[in-house]
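When you line the sequence shown up against the numbering used here, it's residues 106 to 513, in that order.
Glycine is no exception: its CB is placed at the ideal position from the N, C-alpha and C atoms.
Input: a single structure, listed below in structure tokens.
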Amino acid sequence: MGAIFRRRAKSGKEDPTRINERLARDLCERPSGPLLWMHAASVGESQLLLELARRLVDADDYAGGFLFSCQTQTAARLIAKAIAEDTVLKDRTCLQQMAPVDTAPAIQRFLDHWSPSAVIVAEGEIWPTTLLELEKRGISVALINARMTEKTILGWMRWPKTARGVFSSLDVLIAADVQTQTGLKELSGKSVICPGNLKSALPAPSVDLAELEPIKRAIGDRAVLFAASTHAGEEALVIDAWMQMAEKPFLIIAPRHPERGDDVDALLSMTKAAVARRSENDEVEKSTEILLADTMGEMGLWYSLADTVYLGGGHAPGVGGHNPIEALQLNIPVLSGPSIFNFRDLSERLLPLQGFSIIHDAQELASTFPAPPVSAEMKTLLKADSLGPMARTLEALEPMLKQAGLRP
């Protein structure tokens with residue numbers, strides 16, 4: 106197993122200094138008192154759990170600490186930054202670890218060390234060995250904002266006994282959409298609530314005005330196309346579209362995983378355009394044409410500059426799209442590739458309304474920019490969606506948290 110992680114580290118998929126954490130070795134010291142383990146796969150789910158933790162702390166009677174784990178380096182950096190700087194969380198007991206691999210020895214070492222009072226996992230993090238070991242130890246687990254594609258549900262249904270054993274080990278099941286709710290009910294044999302997608306309740310990302318103003322001055326009256334959360338292959342599509350535009354907008358590219366910055370920079374060098382690279386602290390000047398935003402925690406800054414967002418994930422094989430709610434709530438129209446199976450229910454509701462559109466290739470992206478503005482009907486729908494999911498999720502978690510000693 107260690108050899109596998111070392112190979113992943115060589116390809117940039119693992120932090121070589123944190124491989125032992127993945128094997129549940131060399132873990133940091135456990136604090137005293139109740140501890141809530143919150144686990145996510147990557148960036149979006151981690152943001153969701155951080156906001157849930159803030160809401161728990163805001164209630165004043167939360168009695169425990171937080172252990173955040175994740176699967177990706179990008180998410181690990183985001184969590185570390187949040188627990189160090191966030192005004193709500195920085196004074197609480199918060200720790201961040203890489204998630205242990207789902208093998209019995211690693212999970213047993215992890216749980217022996219941390220002994221969590223309860224566990225919350227986000228969206229699609231179903232690891233059978235982990236869940237069954239938690240059940241054996243009598244540690245309650247909640248699955249929140251669960252999202253499962255039809256393909257995933259059907260895959261589990263091919264093995265009904267295994268699926269029932271895994272999913273029935275979950276104590277609280279909260280789905281983000283009706284398709285997942287129906288699938289989880291059948292797989293687990295338990296009650297599943299569906300308050301809506303928690304990501305619609307996330308606050309707008311913060312903006313550093315001291316950073317914003319000089320960039321705005323440099324851009325001037327140019328329109329801005331923001332390619333957000335892009336994956337391999339999508340930057341080439343965006344650059345192709347940009348090259349086709351007679352009146353070129355200021356282009357911002359923020360790869361989903363900032364560690365891909367060198368690859369994107371190499372693509373941009375072929376355009377002969379004037380490029381500023383954020384991770385290199387390049388200054389954006391009036392002559393700058395493209396900004397490579399290969400840093401963490403600055404999405405609010407780039408959204409504040411954008412006229413239209415091209416949202417990555419919809420042209421990347423197997424990704425299934427990313428959530429457009431954040432941009433739409435900021436009244437920025439969103440263009441996406443057609444592969445958005447991760448948000449099928451949501452996209453079916455958004456696509457009839459002006460502000461969210463599907464584009465298929467570079468030529469269509471070039472001809473669609475700037476996208477039509479977000480309609481009043483879209484704004485009304487988004488506002489209604491943002492009101493209920495977090496409150497209903499917290500209400501559903503309350504009995505588990507009390508039983509675990511995390512609430513009085």
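query	result
For Leu275, which residues from the same chain have a beta carbon less than 8 Å from its beta carbon, with the 5 sequence-adjacent residues on both sides left out?	Leu236, Val246, Ala247, Leu248, Ser293, Lys295
Smallest Cα separation from Asn428: which of Ser220, Ser384, Arg449, Leu154?	Arg449
Can you tell me the Cα-Cα spacing of Met404 and Pro363, whole angstroms?	12 Å
Going by CA-CA distance only, name the one from Leu456, Phe461, Phe446 that's closest to Thr285.	Phe446
May I ask you to list the residues that DSSP assigns as paired with Ala223?	Leu141, Ser245
By how many angstroms is the C-alpha of Glu150 removed from the C-alpha of Glu156?	10 Å
Apart from the five residues just before and just after Leu506, which ones in its own chain have a Cβ nearer than 7 Å to its Cβ?	Ala223, Arg512
Which residues in the same chain have their Cβ closer than 6 Å to the Cβ of Gln434, if we skip the five residues on either side of it in sequence?	Leu487
Check this for me: beta carbons of Leu317 and Val297, under 8 Å apart or not?	no
Distance check for Pro233 and His144, CA to CA, integer angstroms please.	14 Å
Is it the case that the region 419–426 contacts the region 379–397, given that we only count it when at least three CB pairs across the two stretches are under 8 Å?	no
So does the region 205–217 actually touch the region 120–129, counting three or more Cβ pairs closer than 8 Å?	yes
Locate the alpha helix (DSSP H) running through Tyr408, then write down its first and last residues.	404–410
Ignore the nearest five residues each way along the sequence and tell me which others in Met401's own chain have a CB closer than 8 Å to its CB.	Thr179, Arg182, Leu183, Lys186, Pro363
Could you give the DSSP three-state label for Met203: helix, strand or coil?	strand
On the criterion of 16 or more Cβ atoms from any shown chain inside 10 Å, does Pro457 qualify as buried, or is it exposed?	exposed
Is it true that the region 315–332 meets the region 349–363, where meeting means three or more beta-carbon pairs spaced less than 8 Å apart?	yes
Does DSSP put Phe446 in a helix, in a strand, or in coil?	helix
For Glu255, count neighbouring Cβ atoms within 10 angstroms of its own Cβ and tell me buried if that reaches 16, exposed if not.	exposed
Whose C-alpha, out of Asp196, Ala146, Cys175, is nearest the C-alpha of Asp163?	Asp196
Tell me, which residues are paired with Arg322 by DSSP?	Answer by DSSP bridge pairing: none, since Arg322 is not bridged.
Compare the beta carbon distance of Gln201 and Ile188 with 8 Å and say whether it is the shorter of the two.	yes
Would you kindly work out how many angstroms separate the C-alpha atoms of Cys133 and Thr376, rounded to a whole number?	46 Å
Distance check for Arg322 and Met253, CA to CA, integer angstroms please.	44 Å
Name the two residues that bound the continuous alpha helix (DSSP H) containing Phe272.	265–272
Which residue from Ile231, Ser334, Phe215, Asn125 puts its Cα closest to that of Arg365?	Ser334
Do you know how far the Cα of Glu390 is from the Cα of Gly493?	43 Å
Give a yes or no on whether the C-beta atoms belonging to Ala381 and Asp387 are separated by under 8 Å.	yes
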